[in-house]
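Below is one structure, written out as structure tokens; the observations come after it.
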Amino acid sequence: MKKDNIRDYATEAFRYYAACGQRTSEELKQQVKKQIYDQSKRERIRSGSGAHSDYTAYSVMAADDEMYEMAAEFLDIIAVEKTMKQLTCDQKKAVEIVYFTDAGRELEKGDISKRVHKAEIEIPASSMSIYRWLRNARYIFSKERGLRIIK
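The opening position of the sequence shown corresponds to residue 1 in the working numbering, with each subsequent residue numbered one higher.
Right, dumping it as structure tokens:
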């Protein structure tokens, strides 16, 4: 696979999306907020009167802080969602086979080429077509994400 300036970033964005269970950005935001609210209910706030409003205010502030810290992840997920909507059926399948397989595990040398070979058999298409589709998916992702693209 010929390297371009956004290959690694885009590949990891697709893998992150798959590792999150292919959930939408809104679903992930709600999950993070729920986790923070649940955590704040269990924690005692030492300052203030300890009233219910203190817990609520703390929860809202913590959720806002977490959303701000995760903004890049949410933007990546939104860009991947938009990219997947623009791909053809075979292109989607190629992306799923190559990038979504074992998304939570670190990539090792040769993993991508093995998965491309697997996609050749399952789709069926040539390896050159698979690599071209993957490059196209990365290009669409980078446009949707607003990344600088060098051709």
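The beta-carbon is built from N, C-alpha and C at its ideal position, and this holds for glycine as well.
If you draw a straight line from the alpha carbon of Glu144 to that of Thr83, how long is it in whole angstroms? 7 Å
Give the single residue among Val32, Glu73 and Asn5 whose Cα lies nearest to the Cα of Tyr16. Glu73
Between the Cα of Ser64 and those of Val32, Ala10 and Tyr99, spot the shortest distance and give me the residue it belongs to. For the sequence presented, residue 64 should be read as Asp rather than Ser. Of the candidates Val32, Ala10 and Tyr99, the one whose C-alpha sits nearest the C-alpha of Asp64 is Val32.
Segments assigned beta strand (DSSP E), at least 3 residues, entirely inside the stretch 77–120: none
In the structure shown, what three-state DSSP assignment does Leu147 receive? coil
Between the CA atoms of Leu75 and Ala57 - distance to the nearest angstrom: 26 Å
By a C-beta neighbour count over all protein chains shown, 10 Å radius and 16 as the cutoff for buried, is Ala10 buried or exposed? buried
Is it right to say Ser25 is buried, meaning 16 or more other beta carbons lie within 10 angstroms of its own, or is it exposed? buried
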